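S.K.: Okay, here's the structure, questions in a sec.
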Amino acid sequence: MEYNKLEVWIEARKLVNLLYDSSKLFPKEELFGLTNQMRRAAISIPSNIAEGCGRQTSKDTLHFLHISRGSLYELETQYYLALDQKYIDSDNFNIAFEQIQSCKKLLNGFINYYKSKI
12 MEYNKLEVWI
22 EARKLVNLLY
32 DSSKLFPKEE
42 LFGLTNQMRR
52 AAISIPSNIA
62 EGCGRQTSKD
72 TLHFLHISRG
82 SLYELETQYY
92 LALDQKYIDS
102 DNFNIAFEQI
112 QSCKKLLNGF
122 INYYKSKI
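Below, the structure is given as structure tokens:
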């Protein structure tokens, strides 16, 4: 399976790029704090989808998809925190939130597909 052709991976990659654009506006003192944590969580989402697709069994794939989903929820929380701290405005938050919801839907569907294969 070519992971980079999957809609879930493509949308997760868009989310990473969105985060990188918005996190450039964060204060410099957050570079090793929230900025770094959000970037790591965002990068983890498509990375674990790709790693899961490279695994031999559906059970192994599911494990990495669950990690990806955990990172997605982590990133969602961190976006709320960035909004609370006024590092991003509500427009940026809403754009990110919509992309996160799209990724959740796709990722949950992909997880359910692999669950049915076990």
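All the letters of the sequence shown, read from the start, carry residue numbers 12 to 129 under my numbering.
A virtual CB, placed ideally from N, CA and C, is assigned to each residue, including glycine.
Quantities reported herein were computed from a predicted structural model and do not represent experimental measurements.
Would you mind sorting Y124 into buried or exposed? The rule is 16 or more other CB atoms within 10 Å of its CB.
M.R.: Its Cβ having fewer than 16 others within 10 Å, Y124 is exposed.
S.K.: If you run the structure through DSSP and keep just helix, strand and coil, what is G81?
M.R.: If DSSP states are grouped into helix, strand and coil, G81 belongs with the helices.
S.K.: Around the C-beta of P38, are 16 or more other C-beta atoms found within 10 angstroms, so that it is buried, or is it exposed?
M.R.: When all chains shown are included, P38 counts as exposed.
S.K.: When the Cα atoms are used, what is the spatial distance from E40 to I60?
M.R.: E40 and I60: Cα-Cα distance of roughly 31 Å.
S.K.: Could you tell me which of K70, Q96, S79 sits nearest to S34, measuring between CA atoms?
M.R.: Of the candidates K70, Q96, S79, the one whose C-alpha sits nearest the C-alpha of S34 is Q96.
S.K.: Using 8 Å as the threshold, is the region 40 to 51 in touch with the region 100 to 109, meaning 3 or more CB pairs across them?
M.R.: No contact exists between the region 40 to 51 and the region 100 to 109.
S.K.: Could you give the DSSP three-state label for K97: helix, strand or coil?
M.R.: K97: coil per DSSP, three-state reduction.
S.K.: Roughly how many whole angstroms lie between the Cα atoms of K126 and V27?
M.R.: Near 26 Å, if we compare the C-alpha coordinates of V27 and K126.
S.K.: Any idea if Y90 is buried or exposed, counting beta-carbon neighbours within 10 angstroms, 16 or more meaning buried?
M.R.: Classification for Y90: buried.
S.K.: Applying the criterion that 16 or more other CB atoms from any shown protein chain within 10 Å of the CB defines a buried residue, is Y98 buried or exposed?
M.R.: So Y98 counts as buried.
S.K.: Does the Cβ of L73 have 16 or more other Cβ atoms within 10 Å, making it buried, or fewer, making it exposed?
M.R.: Classification of L73: buried, given that the 10 Å Cβ count is 16 or more.
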